[in-house]
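What follows is a short report on a single structure.
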Amino acid sequence: MSATAIAKSSAPLRVDALVKRFGELTALDGITLEVHGGECLGLLGPNGAGKSTLIRSIAGRVIPDAGTISVFGAQADSMSARTALGWVPQELALYPRLTCRENLQSFGRYHGLGGVPLDQAIARCLGWATLTDRAGELVKNFSGGMKRRLNMAAGLIHQPKLALMDEPTVGVDPQSRNHIFEMIETLRGEGMSIIYTTHYMEEAERLCDRIAIVDHGKIIALGTRADLIRNAFGSRSQVLARFAGEQDRIADWVAQRGGQVIDGSAQFTIEHPTEIGGLLEASEKAGFDLLDVSLRKPNLESVFLRLTGRELRD
Numbered sequence: 056m057s058a059t060a061i062a063k064s065s066a067p068l069r070v071d072a073l074v075k076r077f078g079e080l081t082a083l084d085g086i087t088l089e090v091h092g093g094e095c096l097g098l099l100g101p102n103g104a105g106k107s108t109l110i111r112s113i114a115g116r117v118i119p120d121a122g123t124i125s126v127f128g129a130q131a132d133s134m135s136a137r138t139a140l141g142w143v144p145q146e147l148a149l150y151p152r153l154t155c156r157e158n159l160q161s162f163g164r165y166h167g168l169g170g171v172p173l174d175q176a177i178a179r180c181l182g183w184a185t186l187t188d189r190a191g192e193l194v195k196n197f198s199g200g201m202k203r204r205l206n207m208a209a210g211l212i213h214q215p216k217l218a219l220m221d222e223p224t225v226g227v228d229p230q231s232r233n234h235i236f237e238m239i240e241t242l243r244g245e246g247m248s249i250i251y252t253t254h255y256m257e258e259a260e261r262l263c264d265r266i267a268i269v270d271h272g273k274i275i276a277l278g279t280r281a282d283l284i285r286n287a288f289g290s291r292s293q294v295l296a297r298f299a300g301e302q303d304r305i306a307d308w309v310a311q312r313g314g315q316v317i318d319g320s321a322q323f324t325i326e327h328p329t330e331i332g333g334l335l336e337a338s339e340k341a342g343f344d345l346l347d348v349s350l351r352k353p354n355l356e357s358v359f360l361r362l363t364g365r366e367l368r369d
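The following block contains the structure:
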């Protein structure tokens, strides 16, 4: 079956019961997921959650201990799967002593391009990454944002149908990050399927159709932003309060009332705003001095904290 036929009949990616251990550490603990055609699936998780191990397993750089991976219905290590897959690694994979154009030539040849198709691919990538006027410059002289854009172009020069992007905006300034967003949105407009890992909540909210929250090698939640918020909180709102006093005692009191203390802030969920009065009255009776209080609708960050008990970058 050709890669084209495969692409029409099967999901871009299926991962089933994937397990990977490094000694006593279980990096992937039975992960199962599917990427739909033309969607961007975000992977969110704290450091060490298993996101990069999953990406590297799909890319063929890590060999799983158990489970299966298929790309458009083909086994992940097959030629058709490799042709359909593109990988933008977290680490810059560029030749600093070559020019921008020479880098793209090298990666294009690696993916089997040559002659006129290679020249066309280079021209397309230079335009997409807004690097046409810098094509003859050495990459070692590029800014961080330019290197990131070239890194993306090099990994996707063969126009794959499925792209793996492992934190492509690491270390770039806000302007460069927005430029990369625009590049990704161009790919989405062309129908490319994407798996996107990030340490920035706003990136997931802007770019991703569905989001998988990964922690300790498992997917602990999967769905659209709205789905995740509804499943975690229903129609409830969040109360955030800070109290002065003995923190261990405050934490015990908060837990008894069904809340969590995260980064020194007590967090509760309530059905009606009128419940705030009862909480504050109870805290006063417990002998705690209220420093501040706020009411907000839950967001994606609220879901992440509720499920993992940690900040995204912890």
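Every letter in the sequence shown is one number past the one before it in this note's numbering, and letter 128, counting from 1, is 183.
Just so it is clear, CB atoms sit at the ideal spot from N, CA and C, and this is done for glycine as well.
Per DSSP, the bridge partner or partners of residue i
| i | result |
| --- | --- |
| G199 | The partner list for G199 (beta bridge, DSSP) is empty, contrary to what the question assumes. |
| Q302 | Paired residue(s): none; Q302 is not in a bridge. |
| V126 | L68 and A129 |
| F323 | V294 |
| W142 | L219 |
| D270 | K273 |
| L193 | T154 |
Secondary structure of residue i, DSSP reduced to three states
| i | result |
| --- | --- |
| D221 | strand |
| K216 | coil |
| T87 | strand |
| I118 | coil |
| V227 | coil |
| K352 | coil |
| L73 | strand |
| T81 | strand |
| Q315 | strand |
| D264 | coil |
| G364 | coil |
| L412 | The displayed coordinates of the chain run from 56 to 369. Any statement about residue 412 would go beyond what the structure contains. |
| L159 | helix |
| L283 | helix |
| L147 | coil |
| A62 | Caution applies to A62, whose pLDDT of 44 falls short of 50 and renders its modelled position unreliable; the model cannot decide the point. |
| L186 | coil |
| L211 | coil |
| G244 | helix |
| M56 | Unreliable placement is indicated for M56, whose pLDDT of 32 sits below 50; the coordinate value is still reported in the next sentence. Three-state result, M56: coil. |
| Y165 | helix |
| N233 | helix |
| N206 | helix |
Cβ pair residue i, residue j closer than 9 Å
| i | j | result |
| --- | --- | --- |
| V194 | T154 | yes |
| H91 | R243 | no |
| D270 | T363 | yes |
| L334 | I325 | yes |
| T108 | A82 | yes |
| M207 | V143 | yes |
| R280 | A259 | yes |
| V294 | I317 | no |
| V171 | D120 | no |
| Q322 | G314 | yes |
| I235 | R204 | yes |
| K273 | I113 | no |
| V225 | A287 | no |
| L80 | G141 | no |
| G210 | S231 | no |
| A190 | R156 | yes |
| I239 | P223 | yes |
| I275 | N354 | no |
| A337 | R312 | yes |
Where the alpha helix (DSSP H) containing residue i begins and where it ends
| i | result |
| --- | --- |
| I110 | K106 to I113 |
| D174 | G170 to W183 |
| T252 | T252 -> not in any alpha helix (DSSP H); beta strand (DSSP E) instead, spanning S248 to T252. |
| M278 | According to the sequence as given, residue 278 is Gly; it is not Met. Per DSSP, G278 belongs to no alpha helix (DSSP H); it is in the beta strand (DSSP E), K273 to G278. |
| A337 | E330 to K340 |
Residue span of the beta strand (DSSP E) that contains residue i, given as start and end
| i | result |
| --- | --- |
| L153 | Neither: L153 is in no beta strand (DSSP E) and is coded neither H nor E. |
| G97 | C95 to L99 |
Cβ of residue i within 9 Å of any chain C Cβ
| i | result |
| --- | --- |
| Q160 | This model lacks chain C altogether; it includes just one protein chain. |
Task: the segment 67-76 contacting the segment 109-127, beta-carbon criterion three pairs below 8 Å - done: Short answer: they touch.
Open item on the list: Below 8 Å, how does it come out for the segment 179-187 and the segment 144-153: are there three or more Cβ pairs, yes or no?
Closed with: no
- [ ] Flag this pair as touching only if the segment 92-102 and the segment 246-253 have three or more C-beta atom pairs under 8 Å; answer yes or no.
- [x] yes
TODO: For the segment 133-143 and the segment 156-165, state whether three or more C-beta atom pairs, one from each stretch, are separated by less than 8 Å.
DONE: no
TODO: For the segment 344-352 and the segment 283-299, state whether three or more C-beta atom pairs, one from each stretch, are separated by less than 8 Å.
DONE: yes
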